[in-house]
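Notes follow the structure.
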Amino acid sequence: MTRGNRRDVDRERARKRAERAGAGKKKDKDGKNATQSLVNQRERDAEIMRRKLAEAAQRKQQPEQQQQQQQQQSSGGGGT
1 MTRGNRRDVD RERARKRAER AGAGKKKDKD GKNATQSLVN QRERDAEIMR RKLAEAAQRK
61 QQPEQQQQQQ QQQSSGGGGT
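Those letters in the sequence shown? Residues 1 to 80, by UniProt numbering.
Following this line, the structure appears as C-alpha coordinates:
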(Lines of atoms letter the chains of each structure in order from A and count residues from 1; the text may use other names and numbers.)
(Lines give C-alpha, C1' and ligand atoms only; values in the text may rest on other atoms or scores of the structure.)
Protein backbone atom coordinates (compact mmCIF):
# COMPACT_ATOMS: atom_id res chain seq x y z
CA MET A 1 0.00 0.00 0.00
CA THR A 2 1.32 3.42 -0.84
CA ARG A 3 1.45 6.22 1.62
CA GLY A 4 -1.24 8.31 -0.10
CA ASN A 5 -3.66 5.41 -0.20
CA ARG A 6 -3.09 4.73 3.50
CA ARG A 7 -3.95 8.34 4.31
CA ASP A 8 -7.21 8.07 2.40
CA VAL A 9 -8.10 4.85 4.18
CA ASP A 10 -7.29 6.38 7.57
CA ARG A 11 -9.37 9.46 6.83
CA GLU A 12 -12.32 7.30 5.84
CA ARG A 13 -12.02 5.24 9.02
CA ALA A 14 -11.79 8.39 11.14
CA ARG A 15 -14.86 9.85 9.43
CA LYS A 16 -16.87 6.69 10.12
CA ARG A 17 -15.74 6.64 13.74
CA ALA A 18 -16.72 10.28 14.16
CA GLU A 19 -20.16 9.63 12.70
CA ARG A 20 -20.79 6.77 15.13
CA ALA A 21 -19.39 8.49 18.20
CA GLY A 22 -20.60 12.07 17.86
CA ALA A 23 -23.58 12.09 15.57
CA GLY A 24 -25.65 14.35 17.86
CA LYS A 25 -22.87 16.73 18.83
CA LYS A 26 -22.34 18.16 15.38
CA LYS A 27 -26.00 19.09 14.98
CA ASP A 28 -26.02 20.88 18.31
CA LYS A 29 -23.03 23.02 17.35
CA ASP A 30 -24.52 24.01 14.00
CA GLY A 31 -28.18 24.16 15.03
CA LYS A 32 -30.37 26.88 16.47
CA ASN A 33 -29.49 25.95 20.04
CA ALA A 34 -25.76 26.44 19.57
CA THR A 35 -25.84 30.00 20.90
CA GLN A 36 -28.10 29.09 23.79
CA SER A 37 -25.94 26.14 24.81
CA LEU A 38 -22.87 28.40 24.73
CA VAL A 39 -24.64 30.91 26.98
CA ASN A 40 -25.68 28.11 29.34
CA GLN A 41 -22.14 26.77 29.45
CA ARG A 42 -20.77 30.22 30.29
CA GLU A 43 -23.36 30.63 33.05
CA ARG A 44 -22.47 27.23 34.52
CA ASP A 45 -18.77 28.05 34.39
CA ALA A 46 -19.36 31.43 36.02
CA GLU A 47 -21.38 29.80 38.82
CA ILE A 48 -18.62 27.26 39.43
CA MET A 49 -16.03 30.04 39.63
CA ARG A 50 -18.20 32.02 42.06
CA ARG A 51 -18.44 28.97 44.33
CA LYS A 52 -14.70 28.39 44.17
CA LEU A 53 -13.98 32.03 45.01
CA ALA A 54 -16.41 31.93 47.95
CA GLU A 55 -14.83 28.73 49.27
CA ALA A 56 -11.34 30.19 48.91
CA ALA A 57 -12.36 33.35 50.78
CA GLN A 58 -13.92 31.25 53.52
CA ARG A 59 -10.78 29.12 53.86
CA LYS A 60 -8.68 32.27 54.03
CA GLN A 61 -10.82 33.72 56.84
CA GLN A 62 -10.80 30.55 58.94
CA PRO A 63 -7.05 30.56 59.73
CA GLU A 64 -7.22 34.28 60.54
CA GLN A 65 -10.09 33.70 62.97
CA GLN A 66 -8.26 30.79 64.58
CA GLN A 67 -5.15 32.91 65.06
CA GLN A 68 -7.19 35.68 66.68
CA GLN A 69 -8.82 33.19 69.04
CA GLN A 70 -5.45 31.72 70.00
CA GLN A 71 -4.03 35.18 70.67
CA GLN A 72 -6.98 36.06 72.89
CA GLN A 73 -6.66 32.81 74.83
CA SER A 74 -2.92 33.18 75.36
CA SER A 75 -3.07 36.83 76.45
CA GLY A 76 -5.95 36.44 78.91
CA GLY A 77 -4.68 33.48 80.93
CA GLY A 78 -2.08 34.90 83.43
CA GLY A 79 -3.97 37.18 85.84
CA THR A 80 -2.79 36.40 89.40
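Beta carbons: idealized from backbone N, C-alpha and C, even for Gly.
Measuring straight from C-alpha to C-alpha, what distance separates residue i and residue j?
i, j, result
"GLN71", "ARG59", "19 Å"
"GLN67", "SER75", "12 Å"
What residue range is occupied by the uninterrupted alpha helix (DSSP H) comprising residue i?
i, result
"GLY4", "3-21"
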